[in-house]
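The structure appears right after this line, and notes come after that.
The following block contains the structure:
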């Protein structure tokens, strides 16, 4: 089964096109407080030139519902990713597919099931403070999630080419999400992007 690969924190067209060419299934654009934040009109200009087959995902954290809707409309995002304290009611009013992020140390499977989302993203608690610096958490915490969650599980937090296969083996996510793990000095490193994608695809072929 193919694991989807999302490269998050895209800020320029050249990187977006290169990641798409290398085989990324989804690209993430950050619209909340972050060193990788991009302005909506800048993201729109990039998104308009990305292949249609690549999912365009906007990342938000405690933004107002109106702001998320407006940015989604401007940028024509396929999916929005919510990394804050957004409620079920908030999410259901989005009128677009969404990913809801959950802290790995506070997982409540019954609560998670209430969200009718595109994906359940599980991340390090440290990545809910706005820095999104990529910290690995204990994957044992999601090893035995209910199947209805596992089928939509997105693994994030500290992934890189050296550990992504281990993460896939441990939790069988339908998507892996990487940002800082494919950067050098906080800038996307296409050699690292290529290696990350190759490791995932080679594992699938074995």
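In my numbering, the protein residues as written are 553 to 758. Ideal Cβ positions, reconstructed from N, Cα and C, are used throughout, including at glycine.
I need the DSSP call for residue 706, collapsed to helix, strand or coil.
Position 154 of the chain shown, counting from 1, holds the residue named residue 706. The answer is strand: DSSP assigns residue 706 an E or B state.
Using three-state DSSP, classify residue 727 as helix, strand or coil.
Numbered from 1 along the chain shown, position 175 holds the residue referred to as residue 727. Looking at residue 727 - three-state DSSP - the assignment turns out to be strand.
Residue range of the beta strand (DSSP E) that residue 578 falls in?
Locating residue 578 in the chain shown gives position 26, counting from the first residue. If you look at residue 578, you'll find it in the beta strand (DSSP E) that goes 578-582.
Which word fits residue 597, buried or exposed, when buried means at least 16 other C-beta atoms lie within 10 angstroms of its C-beta?
Numbered from 1 along the chain shown, position 45 holds the residue referred to as residue 597. Classification of residue 597: exposed, given that the 10 Å Cβ count is below 16.
Residue 610 and residue 583 look like a contact to me (Cβ under 8 Å); what is the Cβ gap, rounded to whole Å?
Within the chain shown, the letter at position 58 stands for residue 610. Within the chain shown, the letter at position 31 stands for residue 583. In this structure residue 610 touches residue 583 by the C-beta definition: roughly 6 Å separates them, less than 8 Å.
Out of 704, 577, 689, 750, point me to the one whose CA is closest to residue 717's CA.
What you label residue 717 is simply residue 165 of the chain shown in a count that begins at 1. Taking only the C-alpha atoms, the option nearest residue 717 is 750.
Measuring CB to CB, does residue 634 end up less than 7 Å from residue 612?
Numbered from 1 along the chain shown, position 82 holds the residue referred to as residue 634. Numbered from 1 along the chain shown, position 60 holds the residue referred to as residue 612. In contact: residue 634 and residue 612 (Cβ atoms closer than 7 Å).
Say whether the stretch 571-581 touches the stretch 732-749, bearing in mind that this needs 3 or more beta-carbon pairs closer than 8 Å, one atom from each stretch.
yes
Verify whether the separation of the beta carbon atoms of residue 562 and residue 579 is less than 7 Å.
Numbered from 1 along the chain shown, position 10 holds the residue referred to as residue 562. Numbered from 1 along the chain shown, position 27 holds the residue referred to as residue 579. Inclusion of residue 562 and residue 579 in the CB contact set at 7 Å is warranted, their separation being smaller than that value.
Please determine, among 626, 618, 660, the residue with the shortest C-alpha to C-alpha distance to residue 509.
Residue 509 lies beyond the stretch modelled for the chain, which goes from 553 to 758, so this question has no answer here.
Rounded to whole angstroms, what's the CA-CA distance from residue 752 to residue 736? Just pull it up for me.
Sequence index remark: in the chain shown, residue 752 carries index 200 (1-based). Sequence index remark: in the chain shown, residue 736 carries index 184 (1-based). Straight-line Cα distance between these residues: approximately 20 Å.
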